[in-house]
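Some notes on the structure that comes next.
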Amino acid sequence: MFENHPHGGIHHSIGGDMDQTWSSNDPLFWIHHAFVDKVWWNWQQTHPNANGYNGRTFNGRLASTSDALPALGLRVSQVLNIHDLCYTYSNSEQDGGDGGEDDEDGDENDRGDGDGDE
């Protein structure tokens with residue numbers, strides 16, 4: 001569903017190069033796909049089995065995280081978690097915009113109750 005509507009719909013709505021096989025020639029492609037990646041990350045954060053990988057491949061085999069991604073020279077398991085790709089996203093609505101990192105005392109995002117004695 002995501003592939004055809006929110007993702008593909010933008011390509012078709014913008015038109016021009018974005019509506020073609022060579023859409024990566026359009027600078028908007030990169031902005032759009034950065035957002036697609038962020039939406040994917042948000043979804044992964046709210047679904048405990050987000051990295052579950054099952055079903056069938058295009059040729060009918062059972063899908064596996066050890067399947068190759070030929071264009072990248074990687075396995076599926078190597079790209080499911082962006083942590084291994086050396087970047088993260090911040091979700092300002094949930095973590096105050098700092099990506100949920102622990103602060104100096106090890107507690108995640110102490111917000112306090114606003115009375116000044118935190």
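Taking the UniProt record's numbering, I'd label the letters of the sequence shown as residues 1 to 118. Cβ atoms here follow ideal geometry from the backbone N, Cα and C, with glycine treated the same way.
| Query | Result |
| --- | --- |
| Identify whether L62 lies in helix, strand or coil by the three-state DSSP scheme. | strand |
| Straight-line CA distance for D67 to D26? | 30 Å |
| Candidates L85, L28, V79 and A71: which alpha carbon is nearest T65's? | V79 |
| Using the rule of at least 16 other Cβ atoms within 10 Å of the residue's Cβ for burial, across every protein chain shown, is G97 buried or exposed? | Legend: pLDDT at G97 = 49, less than 50; position of this residue unreliable, value from coordinates given subsequently. Classification of G97: exposed, given that the 10 Å Cβ count is below 16. |
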